[in-house]
Structure formats: C-alpha cells, structure tokens
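Take a look at the structure set out below.
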Amino acid sequence: MAKIDLDSLSIEELAGLRENATDKLFEKVASRRAELEAELDKLAQYGKPVKKTESAPAPKAKKTEEAKEPKEQVAKAARLEPPDTRAHKAA
Numbered sequence: 559m560a561k562i563d564l565d566s567l568s569i570e571e572l573a574g575l576r577e578n579a580t581d582k583l584f585e586k587v588a589s590r591r592a593e594l595e596a597e598l599d600k601l602a603q604y605g606k607p608v609k610k611t612e613s614a615p616a617p618k619a620k621k622t623e624e625a626k627e628p629k630e631q632v633a634k635a636a637r638l639e640p641p642d643t644r645a646h647k648a649a
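Using the numbering used here, you'd call the opening residue of the sequence shown number 559 and step up by one each time.
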C-alpha cells in the first residue's frame, strides 16, 4: 500500500480520502457479512436454526463520572472522620 503524506493534503483532499475509505470499509463489511450469513445457512441444516441479528449488539455503557461520585464522597467522609469515632460505630 502506498504511503500518503497526510500533512500535505488539503482539507478537501482529506475529506475525499475519508469518504473513499468509509465507502470501501462499508463494502468490505457487507461482503463479509454476506459470507458469514451464507455459512450460517449451511450450518443451520445440521442443527437448530441460528437466530440472525440485524446488527451487532450495542456496546455496554461505561460508568459515568456521576456514578463514581457517591463512592468517592463516602470514601472522603470516611477519611475525614476521626479513627476513634469509627471504632465506636463498629461496636
């Protein structure tokens, strides 16, 4: 594959390159998906029918900073509390 000096390209050229790369990627994904679905159809004759999905499953959502805040506040409060107070609460 030829190396391209991206720094020397104009914005229009970079946008065109991105569009071409995106188009080629979609073509390859569609082709591979068709191959895999054909393979699933062949394999289905040997066992239970395989459930086909319309698209890949959505990635799981990451924990947000808001979800982390309560834990951090509790930890901070525990550090601020005098050691002898914590001992009385545990007893």
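Glycine included, each C-beta is placed from N, C-alpha and C at the ideal position.
It should be emphasised that the depicted structure is a prediction, and the values quoted were computed from it without experimental measurement.
A straight line joining the alpha-carbon of Ser568 with that of Asp599 spans about 47 Å.
DSSP places Gly574 in the uninterrupted alpha helix (DSSP H) bounded by Ile569 to Ala602. In the three-state reduction of the DSSP assignment, Asp565 falls in the helix class, which pools H, G and I. In this structure, Leu564 and Leu572 form a Cβ contact; the two beta carbons are roughly 7 Å apart against a cut-off of 8 Å. A straight-line Cα-Cα distance of about 35 Å links Leu601 and Asn578. One alpha carbon belongs to Glu593, the other to Gly574, and they sit about 29 Å apart.
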